[in-house]
Structures are given as C-alpha cells and as structure tokens.
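Engineer: A single structure is presented below for examination.
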Amino acid sequence: EQALQENQRRLTTLNREPRHHSHRAEEESQLLQELSQVISTAAHWEAALAGVVMRVCETVGYVLGEVWCPEPRGNVLVLSPVWHSRLPGALGEEFRAASVDFRFAPGVGLPGRVWQTQQPQWFPDVTLDPTFLRSHLAQACGIKSGFGTPIIAQGKVVAVLVFFSHRAEVRDHRLLNVIAAIATQLGAMIQRQEATEALGAIATALEESQRQLTSLIDAVPGLFFRASSEEGWPMTYMSAGCQTLTGYTVRELVDASDHAFNRLIHPEDLDRVIATMGTHLERRQPYVLEYRIITKTRQEKWVWEKGHGVYNPAGELIALEGFISDITEHRQTELALHSHLSELQALFAAMTDIILVLDQQGTYLKIAPTNAQLLYRPAEELLGRRIAEIFPADIAQLFLHTLHKVLATDETHYNLEYALEIQGQTHWFSATISPTVDRTVIWVARDVTATKLAHQALAEAEQNYRSIFENALEGIFQTSPDGRYLSANPSLARIYGYNSPRELIASLTDIGHQLYVDPQQRLEFERLMNEHGVVVGFESQVYRRDGQVIWIAENARAVRDETGQILRYEGMVMDITDQKEVEAELHRRAFYDPLTQLPNRALFQVRLNEAIARSQGSDAAHPYHFAVLFLDLDRFKVVNDSLGHLVGDQLLIAIARRIEQCLRQNDMVARLGGDEFTILLDGIEDIHAATAIADRIEAALHAPFELDGYQVFTGASIGIVLSRNVHPLQGVEIHQTVEELLRDADTALYQAKARGKGRYELFTPTMHQNAVSQMQLETELRQALASQAFCLYYEPIVNLATRQIVGVEALPYWHHPQRGLIPALEFLTTVDETGQGLAIAQWMIQTACHHCQQWELTQPLFIHLHCSPRQLLHPEFLDQIDRVCRATGVPPSQLRLEVTEGLWSIAPEVWNERLLALGDRALHLCIHDFSTSHANLSRLDQCPIQTLKLAPALIAEIEENPKTAETVRILILLAHQLGMEAIAAAVTTAPQVATLQDLGCEFAQGPYFAEPLTAAAMMAQIQRGELCL
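Right, dumping it as structure tokens:
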C-alpha cells in the first residue's frame, strides 16, 4: 500500500510539470503504470525483477541493465542472473562475462556506492570516472553513462538496479524518480513474499513438530499417559507403546471402566505404588516408582514410572501425567552387574595392577582399590588432582603427552615404561592406556620391577656373553646338523684363517669335507653327539683357509627341541697345534735319544712290554718269539778320552746308523745311555735268526769309522736273550718281564766282555745264577767292609843271593762267616767294580803301616800293596797315603804299589802324570803279573817304574820249557837295562830258585820260602831276628 501511494505521488508530480514537458511526463507515467503491472502480475520476486529490467531498457532506450545482490555472508555484492542487453552482437555477453568475477564492497564502484548510501547514483560518463572499476569494459562496449538505484526491504538493501546508456548524459532526476518508485514496489513485494514464506514455514514447522512429537512419543520404548484425577486414576491418554509394554491395546485400557491399569500392577507392589503416588501428589512433588506388572500374556515385567500432578489455576489436582518404561532387562542387568561387581571386587582384591581413570587434563577421576602400596601418593591425595601437580616435571610431561596422544588417535597405547620413587625404593611400571567414549582414559599400570631387573641382569649377562663371545681367545661356534656354521666369533675365524666370522660362515658350508682333514672325524663327532649329547677334548686335524693343517680340540654339546631332535651343535674350539708340537717334542724327548734320534729306554720298554704281551698271548700252533740284544761298545772310553767327546758323539751316531742297517723293518734299536744299545728282534723263528743279526752287527762295527779326520776302530760285545725260550741245554722256560729280559741280556753281555769282547753270548740260566752269586758277594763285601771283617797276611820277599827278607807283600783276606777265610784274588776285582776299592785301599795302607810301626824294624823292609788302576788314579788316593804315612811315621819310600798291566789301557797323559806324582813322594811302583804282552813291552819305557814282578805262569814253566826260561831271562835283562828290579812270584821249588839265580833274578817270593804270615807271626819272626830264609 505504501508503494502504491508513493507511485501515485510521483504520478501527480509528473502531471504538474510544465506543459513542454507534458509529452515526456505522459511517457514516464505510462512506464510507471506498465512496470507496476509487471510487478503485480509476476509469479515471484525474481520474475518481477527481470520484467522491470527489460521494460526499462526497452522503454527508456538504455543498452544494458543488471542487478547486484549481497552475497549470503553480506560482505560484498555479486552479479545476479537477472540482466538485459541491447548491445549489438556479443558485446553484452562479453561485458557480463567479464563482470561476473567482480565483487563490490560497500562504497566501491557504482553498485557499492548505491549499497553504502542507499541512494541512487549517476555516472555521466563511466569511461572517464576513475571510481568506475569497469571503465575499460564500458569503453570496449561503447557504454557511456550509467546509474544505479537500491531496492530496500526491512531497511536493508536487498538488490541494486544498474542501467547503462551508449550516450554520455547528465543526471536525469525524473528518470531516477520513476526507477526509485519501481524499486520501492519491488522492495514491498519482497517483504510480502518473505512474510508469506515465513508464515508458511511456521505452519509447516508446527505440523512437522507435531508429527515428530507424535512419532517420538510412539517410538520411545515405553508409554506416555494421562490419567484423570477421579478415583482409581482412569487413563484418558496412552501412547502407542502401551501394547508393547503390556500386551493390551490403548483402547482396551483407556475405554475400560474398572481401573484396568491398576489391575496390571503386581499384587505385592500395588499398595506401595498407590501410597507413594499419594504422598508425592499431596506435596505437589513428582514421583518415581519401580514396580512389577503382569502383562496380557502373564509375563512379569519390571517398570519404571515417573509422573507429576496437573493442577488448575485454583491449585486443584485435575489430572496425572507421566511416563512408564520397561526396565526388566535393566533390572536383570543390574542384578548381573551386582554379581559382576562382586566378582570385580574379588578380582580387584586379587589384582596387583594399578587401575586409574583420568580425564584429558590428567585429573584423577577414579582409582581402583587394587594395590594401594604402589600408588605414588595415597588415593585420597590423588583424587581430583592433576598429574602436573603430583609428579616431577619430566614424568608429568611423559604422562600427559601419552594421554593426549591416546585421546587424539583414539588408540590404546601399550607398554609405557617408567620408573617412580615410592617409599625410598625405585619401582618400574609398564602401563596400558586406553581411551573411553567419555574422553577419559583408563590407565592400567603393572609393577614390572622384578622383570625389569631380571631383563637388566639378562641384558648384562647377554652383554657379558657377547663380550666373552667376541673377545674370547677360544673359537666359539654354533653349527647345524647338516654341517653349516650358524654363528662364529672372531677367534674362530682367526683360528681357521678367515678375515671375519661372516666370511667363515659364507665359505664353510660343508664342515665334514671342507674343514676336517679326515671327513670321518665329522661322522665320529656326530656319533658321539647322538649317543652322549656332548663331546669333550675332541681332537682333529683341520684345514685352514690357506690350506695349512692345524690341530684343534673341540668341546661341544647338542641342543635339542622338545621332541629330542637335535637343532644345532654349539661349543668352542682351541688351536692346539703348538700343544701338539710340544707334545710331540715331549714325546720325542721322553721316548727318543736326542743324540742318535734312536728310541730311548722308556720307548724300548714300552715296545718290549708289547712284545711280551703278544708272546704270552700266542699259542703253540702260532707261537710268537722275540729276542733282546744288549750291546756295549768296546774301547769307546778310549776314543772318548783320546779324541774328545765330539768325536765320541759322532761315533755313537754313526754306530746307530750302522746298527739300523743291520736290522729288519719291524726290529727296534734303542740307546740306553753312554755306549749301551738294546735291540728288539720282532717275530723271530729261532735262535739262529738272532745270532745271524748279531753277526751282521759285529761285522758292520768292525769296519773303520771316518770321523773328523780320524779313522776310528771299535767293536761291540753283545748279550742275547730269547723270549719264552726253551734253552737247548736246560730245557727250562724263562723270561716273562721287561726287567728280567734286560737283566739277563746285560748278564750275557757281561759274559761276552769277560770272554774277550768283540763277541756275543747267548744268555743261559747259569749266567743268571752266577750273576746272583756275584751280587750276593758284592752285598757281603759291603757288609764286611763296614764290620772290618778283613785281615792282612804278609808273604815275605827274599833276596836270592843273601836269602834275607827284604820286603813283604800284604795280602788281604776276608773272614767270611760261612766260607771261612777267602783270599784276595776272589774278591778284590769285585770290590773295585762296586766302587769300594778306595775304601779297601785306605784300609790296607793304614793297616800295613800300622803293623810296620808295631814291628819296630831295625832295617828297611819294603811293603808291597796291591792297587788297581782305578784306585791309583783316584784323586784322593795319594792324599790317603800322605795322611797315613804322617800318622804312622812310615816313610812313603818304604811302600811299593803293585799295579796290574791294565794300567796301560789308560791314556798315557793320565797315568804318566800320576806316576810322576808317585816319584815325587819316593813311592815305588811295581808292575804286578808282568808278562810278554804287547801292551807291557810297548809302554814299559814310558813311565817311572821301579820293579817288575814276573807272572806266576812264566815261573811255573821255566824248568820244563827252555823257551819260557829264555823269555824270563830276556825280561830280567830288560828290567836291568831299564834300571828296574825283577821279582819272581809264586816260586815253589828249589830248581826254580836255581834257574832264577842263573837268569840273574835278584828277588823271589812264594811257598818255597814261606806261606803268608799273619801280622803277629811276622812281628814275632822279626823280633826273633829270623829274617833269613
């Protein structure tokens, strides 16, 4: 109505214009009426707007019309779809297409200025106005002037009408008024349209609300009700949930007149329900009830009812409204929950985990009563407080970060480990943090201190093991049953010559054939593993990477699965090559002679024991015999002393090689020490095989040896003993032990030497008996020496010319307890061989000098004392003589030392020096038992000897054998020529005395003159002056 009134006012104004404007006024009035007609007949506001824009352009002659509307946010104006163009060709489309991208804020451009001012705006020439932002487009399309008018509704600009002309024109107030009038109608139209739409929306919303409410009430699991305040509370309204809850339709309960719903209440609950309702209604309070009902199908249900009274303005109760729902499942769940809660309480009591509920700020909401002693603080101090208020900053930050992450990702975080100091002890926890639908988290923490410490100990142990594994000097390995290395440490790689364990594992894929020198060793290793599960000190030869063979020792065990199958072998390896070499060297030293490289006594005894066992284990059908040869070199000491030990060693080596060449393949020669060798002849048939080999050895050793420029001759004496031998003479089986065999072979050797050396002797039982007798004699001699069981007898030595006693020969005798008086010839050699010679010599010298002192001689009387070469050369022998002579007063010149021709077997420089020392003491030396041997004659002029005592064998033949007599004469003459005296020994007859005198011999002794006298008898004869025989 306001818009029509405004248009009427504008038409009246147009009619009042001067007469020359009457024609234009009529046109404008006509335009205004047409536009009003367009607006009134338009179906909607957009259609009216489009019609107005078109009619204005066509009527007024403007080339372009457009509409700008605020965007939904209301910040800028955008170009609407409503427009009209009279520009030629496609200029209008181009102008519009370019304008679509423009946005005009309040005060910007033509539309923005209209929007801001809510007043029409006129641009006489848009191409010249800098505030017109589309001037370049206008110029391109031939547009000049333009104006805009706002459309206002409810005081706001809802659109801006913009028109353009191809002519530059000044402001046309009349046109602006017309367009403003039309804009007012359009504003009114949009207001009416919005009001109509709003009313329709309200009605529709009301209907929808009613529909939704009805649908909601019907959809709610339960029933809404309204009951009259009359007695029995008869129902006036019940929702559709009635039938679902009770089994009855709404009509069955609402139309019933006999308090139908009260009849559904369980009889046990009815009075309580009515009483509770009455109490709360009297107080004008809502009530809440839980009770049971009996449904149409006689099913018992629990229901929950909430209701309140409805009162009139006078405060009188006029109705009862409320809601009843089925809580049967809830009650059952509640009972189950109560049971479950009891179980949970029991479970919590048994649990040791800490269970917490925290909100997103880290506030403690709940704490389960599971393990209060592991709480950081008592529960009452934690509830309602935040993590940041309780824990150190670093722990709190860790907790909050984890909590926020769990809530942000809605995923459970497992195994958050942290340590807390609780009551002075460090406790480790592992927590699981889970999100809930309430944006809280459940924090379950378990005390894993024991596990942590165990893991730490395990880690330390693993580290220690790894350190041991990596740094051990021994090789450590794991191998598969099929012969591949699973793991190895650096030491194993080093032992086998590889640069790294990786290279070793990659290279050795078949241990049995690639590593072991003897592939059977791997099979033996596996056999032992299968049988015992372990091997200790398993020694093998293996190949290093470079092909070198080394010795290893393995200690290993089998690792099995639960079924007993072997999974792998694991153990360690030691390189024992050096040890093996040391063992070999020790074996060589223990069992081989370092000089000759022959087996030594120990190895010989081992082999001999084996031969004895084999011999004892053989039978008559297949007998096994062997022989032992004991060999001692003849004259080796002479070579050693004369040519030196180096030549002596070379001789021993050369002899060892010659002996080896004389033996068979299975025979053995060993060096026992010094110049002694033993030979084991393996598997001989009879004695002839042994003697044949002995002959070969004798022949081989008689050939000269060329040693260091010397031609050396030697020989050997050999003793032979046979195993299980039936001697051809005695027919007695002998020899069962190593000691017996070596003893008897040595005995046979002794006999060979005694019978002239350079020969062999076969052992007989008689030899053993003689040896036993000899040993018994040696024992008795030692006892006799200790008990002074010896005595001296004296045999006078007579001057043949005067028959005067000029000396005596001291003859030792042994008072044997069983055999009586034993002469010196039967025991002196044994005494010397047993090392008792020096003691016997000292006793003889001391006793003889003591007797000489007792005899109180008035004239010199020489005393002849027997002395072996060994005694003479002993370092203490001369000192003994000096001490005795000083003690007894007997001058050394009164003593005569009788030595056998064995003296010549000693190197001249040795005995010559000793004989010179005798001369310095005026001690006389006499060669005892002198004969015509080459040694006697060749050495006679090389040493200071004063007396020769002719051998008894020569004296015994001088009467019957002229040649012997001539020999004696020559020897006597030789003695005289050399300034020596001659004594004939063992003279028994007067013819012998006469012949000796004829031959020029000065002195003699023997039974013809006197038997040996005791010291007492000799002293008595001296005292009687009977010195002439």
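Position in the sequence shown (first residue = 1) + 64 = our numbering.
We put the beta carbon where it would ideally sit given N, CA and C, even for glycine.
Entirely within the segment 370-441 and at least 3 residues each: give me those beta strand (DSSP E) ranges in chain order.
Structural biologist: Complete beta strand (DSSP E) runs here, min 3: 381-390, 418-423, 428-431.
Engineer: Whether or not the segment 522-533 and the segment 477-484 are in contact is what I'm after, with contact meaning three or more pairs of Cβ atoms, one per stretch, closer than 8 Å; do they touch?
Structural biologist: Touching, no, given that fewer than three Cβ pairs across the two stretches are closer than 8 Å.
Engineer: Excluding the 5 residues preceding and the 5 following Gln69 in the sequence, name in chain order all residues of the same chain whose CB lies nearer than 6 Å to its CB.
Structural biologist: Caution is warranted here: a pLDDT of 49 is assigned to Gln69, below 50, making its placement in the model unreliable, and no coordinate value can be reported.
Engineer: Pop quiz: Ala107 and Gly115 are said to be a contact at Cβ under 8 Å. What is the actual Cβ separation, rounded to whole angstroms?
Structural biologist: Actually they do not touch by this definition, with Cβ atoms about 10 Å apart.
Engineer: Pull up the distance between the alpha-carbon of Arg167 and that of Asp458, whole angstroms please.
Structural biologist: About 55 Å.
Engineer: Does Asp511 pass the burial test, meaning 16 or more other C-beta atoms within 10 Å, or should it be called exposed?
Structural biologist: Its Cβ being crowded by 16 or more others within 10 Å, Asp511 is buried.
Engineer: Can you tell me whether Cys1092 is buried or exposed? The criterion is at least 16 other CB atoms within 10 Å of its CB, across all chains shown.
Structural biologist: Counting Cβ neighbours within 10 Å, Cys1092 comes out exposed, since fewer than 16 surround it.
Engineer: Since Ala119 is in the alpha helix (DSSP H), which residue starts that stretch and which ends it?
Structural biologist: The question names Ala, but residue 119 is Arg in the sequence shown. Where Arg119 is concerned, the enclosing alpha helix (DSSP H) stretches over 109-124.
Engineer: Which whole runs of the beta strand (DSSP E) in the segment 811-856 are 3 residues long or more, in chain order?
Structural biologist: Counting whole runs of 3 or more residues, the segment 811-856 contains the beta strand (DSSP E) stretches 824-826.
Engineer: Can you tell me whether DSSP reads Thr778 as helix, strand or coil?
Structural biologist: In this structure, Thr778 counts as coil in the three-state DSSP scheme.
Engineer: Based on DSSP bridge pairs, tell me the residues matched to Lys644.
Structural biologist: Note: Lys644 sits in no beta bridge, so no partner.
Engineer: Less than 8 Å separating the beta-carbons of Leu113 and Leu239?
Structural biologist: No, Cβ-Cβ distance for Leu113 and Leu239 is not below 8 Å.
Engineer: Select from Ile782, Val836, Asp696, Ile861 the residue whose C-alpha is nearest the C-alpha of Leu826.
Structural biologist: For the residues Ile782, Val836, Asp696, Ile861, the minimum Cα distance to Leu826 belongs to Ile782.
Engineer: Less than 8 Å between the beta carbons of Gln1010 and Cys990, yes or no?
Structural biologist: Their beta carbons are under 8 Å apart, which means Gln1010 touches Cys990 by this criterion.
Engineer: Report the three-state DSSP secondary structure of Met638 (helix, strand or coil).
Structural biologist: In this structure, Met638 counts as strand in the three-state DSSP scheme.
Engineer: With DSSP collapsed to three states, give me the class of Gly871.
Structural biologist: In the structure shown, Gly871 sits in a strand (DSSP, three-state: E or B).
Engineer: Can you have a look at Gly138 and say buried or exposed, based on whether 16 or more other CB atoms are within 10 angstroms of its CB?
Structural biologist: Exposed: under 16 other Cβ atoms inside 10 Å.
Engineer: Count Cβ pairs between the segment 175-188 and the segment 153-164 that sit closer than 8 Å; are there 3 or more?
Structural biologist: Taking 8 Å as the limit for Cβ pairs, the verdict is that the segment 153-164 does not touch the segment 175-188.
Engineer: Using C-beta distances below 8 Å, list every residue in its chain close to Pro175, excluding the 5 sequence neighbours before and after it, in chain order.
Structural biologist: Correct list, in chain order: Trp132, Leu141, Phe168, Gly212, Val224, Val226.
Engineer: Between which two residues does the alpha helix (DSSP H) containing Tyr560 stretch?
Structural biologist: Looking at the DSSP string, the run of the alpha helix (DSSP H) that includes Tyr560 is 554-560.
Engineer: Does the Cβ-Cβ distance between Ile784 and Tyr824 come in under 8 Å?
Structural biologist: Result yes, Cβ atoms of Ile784 and Tyr824 sit closer than 8 Å.
Engineer: Under 8 Å, do Thr778 and Asp698 count as touching if we go by C-beta distance?
Structural biologist: Taking 8 Å as the Cβ cut-off, Thr778 and Asp698 qualify as a contacting pair.
Engineer: Rounded to the nearest angstrom, what separates Met1083 and Asn863 at their Cα positions?
Structural biologist: Near 19 Å, if we compare the C-alpha coordinates of Asn863 and Met1083.
Engineer: Given a cut-off of 8 Å on the beta-carbon distance, is the pair Asp759 and Ile743 in contact?
Structural biologist: Their beta carbons are not under 8 Å apart, which means Asp759 does not touch Ile743 by this criterion.
Engineer: Give a yes or no on whether the C-beta atoms belonging to Ile616 and Val637 are separated by under 8 Å.
Structural biologist: Yes, they are a contact pair.
Engineer: DSSP on Lys1013, reduced to helix/strand/coil?
Structural biologist: The answer is strand: DSSP assigns Lys1013 an E or B state.
Engineer: Can you list, in chain order, the residues of its chain with a C-beta nearer than 6 Å to that of Ile1036? Leave out the 5 residues immediately preceding and following it.
Structural biologist: For Ile1036, where only same-chain residues beyond five positions count, the Cβ hits under 6 Å are Ala1046, Leu1063, Gly1064, Cys1065.
Engineer: Would you mind working out which of Lys360, Gly371, Val599 sits nearest Thr308, comparing C-alpha positions?
Structural biologist: It is Lys360.
Engineer: Locate the beta strand (DSSP E) running through Lys220, then write down its first and last residues.
Structural biologist: Its beta strand (DSSP E) spans residues 220-228.
Engineer: Output the distance between the C-alpha atoms of Glu233 and Ala267, rounded to the nearest integer angstrom.
Structural biologist: So the alpha carbons of these two residues sit roughly 51 Å apart.
Engineer: Hey, quick one: how far does the beta strand (DSSP E) through Pro933 stretch, first residue to last?
Structural biologist: Note, Pro933: premise wrong, no beta strand (DSSP E); alpha helix (DSSP H) at 933-936.
Engineer: Taking DSSP as the reference, what is the three-state secondary structure of Phe700?
Structural biologist: Helix, per DSSP.
Engineer: Measure the alpha-carbon distance for Pro331 versus Ile391 and round it to whole angstroms.
Structural biologist: Answer to the nearest angstrom: the Cα atoms are 18 Å apart.
Engineer: If you check the beta carbons only, do Arg807 and Gly871 fall under 8 Å apart?
Structural biologist: Not a contact, by the Cβ cut-off of 8 Å.
Engineer: Ile388: which of Ala809, Ala291, Tyr877 sits nearest, CA to CA?
Structural biologist: With distances taken between Cα atoms, Ile388 lies closest to Ala291.
Engineer: For Glu962, which of helix, strand or coil comes out of DSSP?
Structural biologist: In this structure, Glu962 counts as strand in the three-state DSSP scheme.
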